[in-house]
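First the structure, in the form of structure tokens, and then the observations on it.
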Amino acid sequence: MSSLQKYFDPETLAHIQPLGLRAMTLVEGLMAGLHRSPLRGQSIEFAQHREYAAGDDLRQVDWKVFAKSDRYYVKQYEDETNLVCYPMIDVSESMAYRGASAPMSKFDYAQLIACAIAFVVINQQDSSGLITFSDGVEQWLPATNASHIFEDFVRVLEDTAPRRPTDLEAVLKEVVQRLPRPVMLILITDALERGTAWYDALKMARFAGHDLIVVQVLDQDEIQFPFDRRTRFVGLEGLPEAVTDPAMIAAAYRRAMAQEMEGLRRACLQTEADFYRATTNQSLVQFLPDLLAQRLLRRGSG
Amino acid sequence: MMNVFAAIGFGSGWMLAWGAAAAIPLVLHLLNRRRFDVVHWAAMHLLLRVLQKESRRVRLEQLLLLLTRVAILVLLALALARPFWNTAGQPVVEAGRPPVVWVLGIDASYSMGRKSTDGRSLMAMAKAQAEQIVQEAREGDAFVLLEIAAPCRPRIAEPTFDRGLTAAELGRLQTLDTGADMLGCAALIEQVIDDVLQTTHLPQDVRVVLFSDMGEDTWQPVMNEQAEIWQRMSRRAEIVIRALKPSAEPNLAVTDMQPDALRSLVGTPIGVQVVVENLSGQARSNLPVQLLLEDKTVASESVDLEPYGAASVGFSIRLPTEGLAVLACEIPDDALTADNERFLTVEAVGSTRILILEERPGSGKLLEIALQPTPQAENGWSVRTMTPLDAIGQDLAQWNVVVLDDGVEVTPELFDALVHFVENGGGVVCMFGPRSDPQAWQDLAGGAATEWLGFRLVEPSPQGDWRVDPLEYRSPVVAPFAGFPAAGLLTTPIFRFWKIEPTAPQVLEIDAGLQGDAPWIVHRRSGHGMVVSWLSAPEAGSVQQGVAWNAIAAWPSFVPLLQQSVRMVLDAGQAALNRTVGESLDGFAPGDVQGHITITDPTGQEHSLVPAQRPDGRRVWRFDHTDWRGVYRVQADAARVLPYSVNIDVQQSRASTVEPSVLPIASKSATPSRPLDGARASQTPVQQSMARWLLVAMLALMACENLLGIYIGRRAQ
């Protein structure tokens, strides 16, 4: 393993406590690997003037234009379209699952992704908030680019324990209702939702102008179903238990899981949401830079 | 449907118990259901959906696997139980009976050689019926085969499931010339029962089927002294007796053949008395009776026989050359050929050499005169008298009889020579009188001398007039006096005699006694020879009562008694060459022969024996298989062949038959529980073994189980 890759290796990161240090380690690697920030310097170019309206910040009034035309115009900069990012972390009980060979739980992994994104966003003077949810929104940190936000960010995540069921549909609707303007929503979840009704909520969020990124975090066991002894599966999130011989249904399970994952990917495609999938034993370097870079490209092109 | 099940039987039904092993997969399955890992699972929605969709398939596959594994074990247990299918479709008589161990006992005594009504011998009939049992036996039945002869021999000692082997051994059975030892038969059957009960792989039910002509001499002991044994055995096993009836064809037998003497002078006539008996109810006239010398007819007579009557035929024959010769007497073949001939080994000698060992020179003169009254005596006896001192260095083998005078000092060396002399067929006559020293005899050879004599001298009797008791003239010593009470035997003057204490009562025989049940002349056999002892020896001195022990020497009975004593010991030496079927042949190997003894039996088969070394260095041989009548020629060395004549015991010929119902065997044994006659055979269903097919099915299921496992495994990948 190269010295750079170790920053993204879940095995390595799992041994780092607390979360803040772990996230900083990850970001350090991220920065070193990107050479330059994919988001830096994109927010201060002048865009246009518009007429002052009540409620506009007086600091935004272009006094030179006022002196020439005696009319109040405010400058509109690209920074007005500066990134406001809300990582949404699923903190339902299912996220607590950690397979026997996994270095960390899905929740731990999701924390790392959220921290890394938030750090990068804040570091380039963009705003980042935080939403944790299960069957409803649990924590909501408003988006800001203040430097203390990252500490708040880490504290909230560290104080959160996954224990409740998930209701993605309700959460997304609630978030859309609460957000006054379009933002970037990065939904970090295992997406082990019953049914596909929440796909409509995704469309709704997209229709509301939000930029959507869906990061599905899964444990390798949840994909491979590697159990070979008779097993009693105790359902998390209050679901019933089942005793079965895993070897007898492994193939069927894997097929069903593959269909499930493909369904989510297609739903994201149709919703124009970016979709990423990660497993908890997978190095973050395999998708995190890509995620951030692609966002940059889309902003640049847009 | 009931008929279908009734037509199925099991050869080893108890093996079905292994079917319980079929529960093993079930138990394992149930145990596995109770043991599982516990996983707290996140993707439970998905898993429950998969389970709902796949549970039926999973249960079906698991059930299939379980059933396959159970079926494999069930089929294995069924195959081990060796089921059979009655292809005739009709239930067999004992459809539910478990397998049994058949103990087949075939009477092989010579009377089984009689013809049955269908012309076959009784032995052939017995073998056919036994083979039918073997053929009709079920899978799982085992067989033991006994040859009931004397002795009774197991032809198949360990129960075998091999019908082919049993049939082959049955085919090899043939009648012997022996009798039938039912006591030995009972012991063997009990041994089989004990062995069967101690094993687990054999059927536990024993059925004994005995095939016999029910000769009284064979079965009488079963009714009497062996009754308890057979009753006990019949409680442990079912005993079936198959009585075989001979045809009514008459049987005549040569029942006796006695010579005047077994030794005769060359060229002098020897008288042979032959007894022929008619053992049937039909008179027979003009029956030719032939006498053969070394297979050549030398004389022939014709006799008429009344029903169940007997006739005696006398022959006189001269043996032309010195040496052993075999005489045979024959009558024409009839229903039973074994009793139509008898054999006799006799010896022609140039002279009989008798040695008298006297106490002191002249003291044996009396005995010498009695044995050879005149120098021209025609008995061919050559008598020589000497003291033991003079006899030192003499080889006793050159003598036929040694007579020990009263008071002769017997040294250990002389005693040792006498012992070997008698064992080899020599005869010794011992005289005990006033000069005998009982202590010397007691001390001789550490007490071995008293064993050899058969008695110990205790003390002289009180003075008296002891009258002679001829004991019904049974002994050859006194037999010539029978019918002549005035011939002097009964009045022989005996005043004192030695009281004795027998050391070997079972072998000491009394030839003549004295008043008060005291013995006077006794003998015992030792080896091939005989020792005769006079307990009041003739005295040459005063005959005055009160001083002398007797006045035998002056009495007319003296010479006949002494000569008869010598003749008896001479015949005893020859008697070793005339035996009855079943008796052992034995003898000493010549000292210079280190190799084998070769014996050619009457069937022409040669047997080779290795003589055994005795502690005294002498080499002895023994042959126990005298199953046939006729002449056994023993080649001890290149120069000499000893012909042993072996004759049947004619009791079987004379014996009547016994009804099985009177035997002390449980009632179920009186008749077989299942008819065994030939007519039954055609109705007997054919039993087809199903074990092979079950094994094939089991193997197929094992293959299926493997394929199913692979299929399920691949689906699970």
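The listed protein sequences correspond, in order, to chains A and B. Residue numbers 1 to 302, in the working numbering, belong to the letters of the first sequence in order. Residue numbers 303 to 1019, in the working numbering, belong to the letters of the second sequence in order. Built from N, CA and C at the ideal position, the CB exists for glycine as well.
Listed along chain A, the residues sitting closer than 7 Å to Glu356 of chain B by beta-carbon distance are Ile249 and Ala252. The contact set of Leu349 of chain B on chain A, defined by CB atoms closer than 7 Å, consists of Phe233, Ala242 and Tyr253 in chain order. Put simply, of A:Asp245, A:Leu264, A:Val243 and A:Gln177 the residue whose alpha carbon is nearest the alpha carbon of Arg194 of chain A is A:Leu264. The bridge partners DSSP lists for Lys417 of chain B are B:Ser423. For Ile1014 of chain B, the residues of chain A that pass the 9 Å Cβ criterion are Ala247 and Met248, in the order they occur in the chain.
In this structure the segment 572–580 of chain B does not lie against the segment 428–442 of chain B, because fewer than three pairs of beta carbons, one per stretch, are closer than 8 Å.
Against chain A, the CB of Glu363 of chain B has a partner CB under 8 Å away; the residue lies at that interface. For Ala874 of chain B, the enclosing alpha helix (DSSP H) has its first and last residue at Phe860 to Ala877. Listed along chain B are Ala344, Ala345, Met346, His347 and Leu348, each with a C-beta nearer than 9 Å to that of Leu192 of chain A. At a cut-off of 8 Å between beta carbons, Phe107 of chain A makes no contact with chain B. Look at Val403 of chain B: its C-beta is not under 8 Å from any C-beta on chain A. In this structure Lys68 of chain A is exposed. Its beta-carbon is surrounded by fewer than 16 other beta-carbon atoms within 10 angstroms.
The shortest C-alpha to C-alpha distance from Gln354 of chain B to any of A:Ser283, A:Thr279 and A:Ala252 is the one to A:Ala252.
Residue state for Asn334 of chain B is assigned as helix, using DSSP reduced to three classes.
With a cut-off of 8 Å on Cβ pairs, the segment 196–203 of chain A is not in contact with the segment 88–98 of chain A, counting fewer than three such pairs.
When the alpha-carbon of Met257 of chain A is set against those of A:Leu218, A:Asn145 and A:Ile213, the nearest one is in A:Leu218. Burial is judged here by how many other beta carbons sit within 10 angstroms of a residue's own beta carbon; Asp443 of chain B has at least 16 and is buried.
Positions of the beta strand (DSSP E) runs, each at least 3 residues long and wholly inside the segment 464–552 of chain B, are given as 507–514 and 540–545 in order along the chain.
Along the segment 324–342 of chain B, the positions whose C-beta sits under 8 Å from a C-beta of chain A are Asn334, Arg335, Arg337, Phe338, Asp339, Val340, Val341 and His342, read in chain order.
Note: Ala613 of chain B is bridge-paired with B:Val578 in the DSSP secondary-structure output.
Cβ-Cβ separation between Trp343 of chain B and Leu236 of chain A: approximately 7 Å, consistent with a contact (criterion under 8 Å). For secondary structure counted as the alpha helix (DSSP H) over 4 or more consecutive residues, the segment 47–111 of chain A holds these complete runs in sequence order: 63–69. The segment 757–776 of chain B and the segment 899–906 of chain B do not touch, with fewer than 3 CB-CB distances between them shorter than 8 Å. For Arg371 of chain B, the uninterrupted alpha helix (DSSP H) segment begins and ends at Met346 to Leu382. Identification of chain B residues near Phe227 of chain A by a Cβ-Cβ cut-off of 8 Å yields Asp339 and Val341, ordered along the chain. For the pair Ile131 of chain A and Met184 of chain A, the CB atoms are not nearer than the 8 Å cut-off.
In the three-state scheme derived from DSSP, where H, G and I count as helix and E and B as strand, Gln259 of chain A is classed as helix. The C-alpha of Met204 of chain A is placed about 36 Å away from the C-alpha of Ala250 of chain A.
Your pair Thr520 of chain B and Met559 of chain B does not check out as a contact, with CB atoms roughly 24 Å apart and the cut at 8 Å. Interface residue (Cβ-Cβ distance to chain A less than 8 Å): Leu353 of chain B is classified as such. No Cβ of chain A is located within less than 8 Å of the beta carbon of Val446 of chain B. The DSSP-derived three-state label of Leu887 of chain B is strand. A straight line joining the alpha-carbon of Asp339 of chain B with that of Arg230 of chain A spans about 6 Å.
Against chain B, the CB of Arg178 of chain A has no partner CB under 8 Å away; the residue lies outside that interface. For Leu837 of chain B and Arg798 of chain B, the gap between their C-alpha atoms comes out near 9 Å.
Your pair Phe513 of chain B and Ala459 of chain B does not check out as a contact, with CB atoms roughly 18 Å apart and the cut at 8 Å.
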